[in-house]
Amino acid sequence: MKKDESLGRFISMILRHKPEIIGITLDEYGYADVNELISAMNKHKKYIDRMTLERIVTENDKKRYSFNENHTKIRANQGHSITVNLELDKKVPPEILYHGTAIRFLESIQKSGLQKMSRQYVHLSKDIKTAIKVGKRHGNVVVLKVYAKKMFENGYDFYLSKNGVWLCDKVPCEYLEQCNEK
Ligand code: HQG
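For the sequence shown, the numbering used here begins at 69 and goes up steadily by one.
Next up, the structure:
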């Protein structure tokens with residue numbers, strides 16, 4: 069449903085980047101109070117009720133949001149630019165992960181590796197198809213192979229978000245290689 073999609077995009081912005089634009093705050097774990105979120109959104113003409121919010125959380129294509137156990141609180145599973153504690157455990161990554169990006173960023177990435185830029189983590193994909201989708205958002209896409217297991221063995225930490233996105237703090241150039249597979 070188109071309307072859910074646009075509400076979802078707005079909720080992502082609130083829960084990941086700018087809760088203050090509708091006058092709410094997140095707790096240290098990134099949670100917003102559900103009642104507060106609904107009433108603040110309505111006040112700002114983003115009309116939503118609890119049933120719609122539940123549907124958006126359940127049906128979101130990337131499972132971007134989670135409720136707490138009794139559905140009184142909601143947070144984004146990844147993608148934050150504000151610093152929150154997602155309570156993720158360190159995890160052993162697979163041998164290879166992927167990162168889709170725009171060709172125009174390559175030169176800079178080859179110099180300084182993958183950086184978090186505006187987000188809390190560098191986001192990595194488990195397969196090439198997903199990486200292509202992520203990269204396309206930025207322009208002509210190029211996929212990079214990340215030698216994740218080697219990084220892990222050399223002391224870098226990895227986390228897996230609740231919706232299956234791999235997260236780390238940075239990827240130095242020596243663990244990156246252009247991926248020509250499809
Ligand atoms: C690039 C979406 C120049 C990086 C996606 C990326 C993901 C550099 C861009 C999640 C660089 C940042 C995150 C360097 C990295 N020099 N450019 N040294 N290091 N970059 O959007 O990974 O759909 O912040 O390659 O699916 O594209 O919103 O990160 O192109 O999971 O749920 O800087 O956001 O999730 O862009 O995407 P972003 P991302 P949602």
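C-beta: ideal position from N, C-alpha, C; glycine also. Because the structure is a prediction, the values reported are computed rather than measured.
How about residue i and residue j: are their beta carbons less than 7 Å apart?
i	j	result
residue 84	residue 147	yes
residue 145	residue 229	yes
residue 177	residue 213	no
residue 238	residue 190	yes
Taking 6 Å as the cut-off, is the C-beta of residue i nearer than that to any heavy atom in the ligand HQG?
i	result
residue 191	yes
residue 209	no
residue 204	no
residue 125	no
residue 177	yes
residue 169	yes
residue 119	no
residue 233	yes
Report the three-state DSSP secondary structure of residue i (helix, strand or coil).
i	result
residue 111	helix
residue 106	helix
residue 168	strand
residue 141	strand
residue 159	coil
residue 72	helix
residue 134	strand
So, is residue i buried or exposed, given that buried needs 16 or more other C-beta atoms within 10 angstroms?
i	result
residue 115	exposed
residue 240	exposed
residue 124	buried
residue 243	buried
residue 76	buried
residue 74	exposed
residue 180	exposed
residue 91	exposed
Does residue i have its Cβ less than 7 Å from a Cβ in chain B?
i	result
residue 173	Looking for chain B here will not work: only one protein chain is present.
Q) Where are the beta strand (DSSP E) runs, 3 residues long or more, that stay fully inside the stretch 170-248, in chain order? A) Runs of the beta strand (DSSP E) inside the stretch 170-248: 190-192, 209-214, 234-236 and 244-246.
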